[in-house]
Structures are given as C-alpha cells and as structure tokens.
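Here my numbering is used: the first residue of the sequence shown is 10, the next is one more, and so on.
Glycine residues also receive a C-beta, built at the ideal position from the N, C-alpha and C atoms.
Here's the structure, in structure tokens; my notes come after.
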Amino acid sequence: MKSGRRGWTIVEVVIVIVIVGLLVSLLVPGLHYGRSHALASVTLANLRSHTQVFFVYAGDYQDSLPFLAVASVEPTHHSAGGYSTEMLVFTQYASWPIAMAGEYYGGNVHSASFHPPGSNEVGPISEYWYSQSFVADPKFWMREYREYSTTQLRAVMIHEVVFPSSKGLFIERDPALESWRTHHNAPGKLNFSLVDGAAKSSPASDLQRAYPGGCSGFLLGPIIGLPVLHTVDGVRGRDISH
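In structure tokens form, the structure reads like this:
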C-alpha cells in the first residue's frame, strides 16, 4: 500500500528558500533600526540625566554651572574612586565626572551613564562632552573680543543663557567627531542636550557651525571646533539653527 506522504521537490525547496530570504531581507533592516533607536534612546536619557544633575549643582552654587578648575595655567587636582586628574579649564569637558562623582553621583565613578551604550570605555572619562561655552565668558567665543589670557575664564550663570531651548549643554563625542571629519556631512545624527532640559538627536545640518578652531592655542582642550562644544558667542549664542 502506497503512503499518502511525499517528499518535497527541488523546485519547492528553492521556492521556500527564496521566500525565507525575502522575509529576512525585509526584517533585518527593521531590526537594525529598532536596535539603533533603542541605543539612541539610552543616550538621550543619559544626556537628560546629566543635564538635571548639572542643574542641581547650579542650585547648590548660586546659579553657577560647573566650573571645576581654577582659572589659571596651573591645573586643579581632582580625585575620586581611585582615579585622579590634573584639570585645566579646557580639559574639564570630558573629565568632569571625576570632580562631580563624589558629591552628585554617589561616588560611583563607574556609572554606566557616563558612556553611551555599547562603549568599550569604562571609568569617569565621559564620552558626553560638557560644552566649553560654560567655562568662559561669552566674549571668548567672539573673534573680535577673544583675549588669550585667563581673565575670560569663569563660571557661567544659567540666567546668562539667552536661548535655553537652542543652547547645548552636552554632546555625544563620537557622532560629533565624525561630523567634523566629514565637514558636517556625516550620515548619522548628533545627540545632545539643551539648557532647557531637553535631549535631541538631529542631523549635523540642524546645528550651527562651531567657533573655528575651538579654544585653539589656549590651555589645551579639544581645539578643532565642534558644534555645542564650541558655540559662537558662547552662552549667548545658539546651537540649533532653526
């Protein structure tokens, strides 16, 4: 007696393989987008969190945002959790957690919030860079008024920010650097937080160009000129162009 079951033909197997391949090709981009969106969401949450912490600091220090080094050519020593740094005014952009961790992060210098998800870096040197607009007088970020002296280095008060919904406080390092390398034409988005407490993910074209050369030639720091990090007119300027 013959069985009612039969094997698949080669044609049927090929058809199934083609269908599976099509389904995979449709699903993979969606999965990649979903993962990228999730990672960006974590980064934006971190940026908002740090912005809130800096506002708590301002509440403790009479409206002043963090100024963690002495306005001098001599460095300021900070240490926390076995880490230490000799911080100059224009090097606090990334090493700020060493100075802030003890009082505002419960002493946790290994907080995951200091790094974007997937980062291979650990410890209190953050890839969320604190805008250097907040450690110098606005005139330092105007070509006609810049003085290469310590007289223009100072803490900035929140009330000095003219456009809080357009002025960045933090920016994620790697997308910003990629934007600079590609002359503002990187395909991805820049992640940053604003003084009004919002965090955004926007194309580089949505941001104003940085002060050329950043703090070039003065007390170290990144000198290349990055959006948000080196804002024209400092805290009186805008980072979002529209």
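Three-state secondary structure assigned by DSSP to Tyr-92: Numbered from its first residue, the sequence shown carries residue 92 at position 83. Secondary structure at Tyr-92: strand, using DSSP grouped into helix, strand and coil.
Residue from Thr-85, Gly-206, Ser-211 and Gly-243 whose Cα sits closest to the Cα of Gly-223: For the purposes of this step, residue 223 is taken as residue 214 along the sequence shown, with counting starting at 1. Ranking the options by Cα distance to Gly-223, first place goes to Gly-243.
Distance CB(Val-171)-CB(Arg-57) smaller than 8 Å: By 1-based counting over the sequence shown, the position of residue 171 is 162. By 1-based counting over the sequence shown, the position of residue 57 is 48. Contact: no.
C-beta atoms of Tyr-113 and Tyr-66 nearer than 8 Å: As a working note, residue 113 is residue 104 in the sequence shown. As a working note, residue 66 is residue 57 in the sequence shown. The Cβ atoms of Tyr-113 and Tyr-66 lie closer than 8 Å to each other.
Neighbourhood of Ala-145 by C-beta, 6 Å cutoff - its chain only, sequence neighbours within 5 removed: Here residue 145 corresponds to residue number 136 of the sequence shown, with the count starting at 1. These residues qualify, in order along the chain: Gln-161 and Leu-162.
Within 8 Å, strictly: CB atoms of His-192 and Asp-72: One-based indexing of the sequence shown puts residue 192 at position 183. One-based indexing of the sequence shown puts residue 72 at position 63. Between His-192 and Asp-72, the CB-CB gap reaches or exceeds 8 Å.
Cβ-Cβ separation, Val-118 to Ile-107 (assumed contact under 8 Å), whole Å: Your numbering for residue 107 matches position 98 in the sequence shown. Your numbering for residue 118 matches position 109 in the sequence shown. Indeed they touch by this definition, with Cβ atoms about 7 Å apart.
Asp-248, buried or exposed, once every other Cβ within 10 Å from all chains shown has been counted against 16: On the sequence shown, residue 248 is found 239 positions in, with the first residue counted as 1. Buried, by the Cβ-count rule.
When Val-62, Val-79, Pro-75 and Asp-215 are compared against Ser-142, the one with the closest alpha-carbon: Taking the first residue of the sequence shown as 1, we reach residue 142 at position 133. Of the listed residues, the one whose Cα sits closest to Ser-142 is Pro-75.
Nearest-angstrom Cβ-Cβ length linking Glu-181 and Glu-136, presumed shorter than 8 Å: In the sequence shown, counting from the first residue as 1, residue 181 sits at position 172. In the sequence shown, counting from the first residue as 1, residue 136 sits at position 127. Correct: roughly 6 Å between the Cβ atoms.
DSSP three-state assignment for Pro-212, whether helix, strand or coil: Within the sequence shown, residue 212 is the residue found at index 203, counting from 1. Correct three-state label for Pro-212: strand.
Residue of Ala-47, Tyr-157, Ile-28 and Asp-205 minimising C-alpha distance to Ala-80: As a first step, residue 80 is located in the sequence shown; it is residue number 71 there, counting from the start. Ranked by Cα distance from Ala-80, the options Ala-47, Tyr-157, Ile-28 and Asp-205 are led by Tyr-157.
Buried versus exposed call for Thr-18 [16 or more other C-beta atoms within 10 Å across all chains shown]: As a position in the sequence shown, residue 18 is number 9, starting the count at 1. Per the 10 Å Cβ criterion, exposed.
Nearest neighbour of Ala-110, chosen from Ser-140, Gly-127, His-239 and Ala-89 [CA to CA]: Locating residue 110 in the sequence shown gives position 101, where the first residue counts as 1. Here the closest residue by C-alpha is Ala-89.
Closest residue to Ala-213 among Ile-233, Trp-189, Pro-221 and Phe-63 (Cα-Cα distance): Stepping through the sequence shown from its first residue, residue 213 is reached at position 204. The candidate whose alpha carbon is nearest that of Ala-213 is Trp-189.
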